[in-house]
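To start, the structure under review is shown below, and the notes come after it.
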Amino acid sequence: MDLVYNAGMSANERKDLHMKQAASYIRYFQDTRDKIYDKDIQNSTDEMIRALRDLRDLQYWFDSGEYELDRFYDKYLPFLNMIFENYLKLESSWNFEELKKVKEKLIKTIGQVIDVIQQIMKILPMDEMSDASAEIKAKQAKEELDRKYSRLENL
84 MDLVYNAGMS ANERKDLHMK QAASYIRYFQ DTRDKIYDKD IQNSTDEMIR ALRDLRDLQY
144 WFDSGEYELD RFYDKYLPFL NMIFENYLKL ESSWNFEELK KVKEKLIKTI GQVIDVIQQI
204 MKILPMDEMS DASAEIKAKQ AKEELDRKYS RLENL
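In our numbering, the protein residues as written are 84 to 238.
Here it is in structure tokens:
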């Protein structure tokens, strides 16, 4: 998976990119999961794939969180991808000591990625609610000013 530079993209282009990245990573992790023998890692990977699907579905409905999604797809998931690749190589080499270390690191990293997904899922709707709240407050302030100045004009 290649890192993507997202500067200068429109909001729709960025959203489309994030949706494609989500689909690509979901496919990758499903394929990788099928190659892994360890049940603990398979179960952790299944949990992460479910969280990725939930994130993908949520980001379809909200247009916010670009910075967090950029970092997630361009930094966190490529790092996790690298750990999975190293684990797969070790699993086929039968180097049990190193495999145990990488397994622990992989399970810990998967848990951290799930935590990041949950944080982003909280942020996505909050950004839009904040925008809506700010818009309502601005509208109320404008209406108040209009009322105030219309009273002054009527004097």
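Backbone N, C-alpha and C fix where the C-beta goes; we use that ideal spot for every residue, glycine too. Computed from a predicted structure; not experimentally measured.
| request: Taking Y108 as the reference, give the member of W144, K172, E149, T128 with the closest Cα. | output: Shortest Cα-Cα distance from Y108 to any of W144, K172, E149, T128 involves T128.
| message | My output table needs one value for D117: the three-state DSSP class, helix, strand or coil. | response | helix
| Should V199 and M131 be called a contact, given that it needs their Cβ atoms to be closer than 8 angstroms? | No; because the gap between Cβ atoms is not below 8 angstroms, this pair is not in contact.
| request: Please check if any C-beta of chain B sits within less than 8 angstroms of the C-beta of D123. | output: Among the chains in the structure shown there is no chain B, since it carries only a single protein chain.
| query | When the Cα atoms are used, what is the spatial distance from R110 to L135? | reply | R110 and L135 have their alpha carbons spaced roughly 11 angstroms apart.
| query | First and last residue of the alpha helix (DSSP H) that includes F144? | reply | For the sequence presented, residue 144 should be read as Trp rather than Phe. Residues 122 to 144.
| Under 8 angstroms, do M209 and L138 count as touching if we go by C-beta distance? | no
| By how many angstroms is the C-alpha of E180 removed from the C-alpha of I157? | The amino acid at residue 157 is misidentified as Ile; the sequence shows Asp. If I take the Cα positions, the gap works out to 31 angstroms.
| field | Alpha-carbon to alpha-carbon, L100 and L171 | value | Cα to Cα, L171 sits roughly 28 angstroms from L100.
| Which one of I206, R116, D123, R154 has the shortest CA to CA distance from K183? | D123
| request: Note down the Cα distance separating V185 from A106, rounded to an integer number of angstroms. | output: 26 angstroms
| query | Does the distance from the CB of E151 to the CB of I206 come in under 8 angstroms? | reply | yes
| said: Please state whether the Cβ-Cβ distance between Q125 and R133 is less than 8 angstroms. | reply: no
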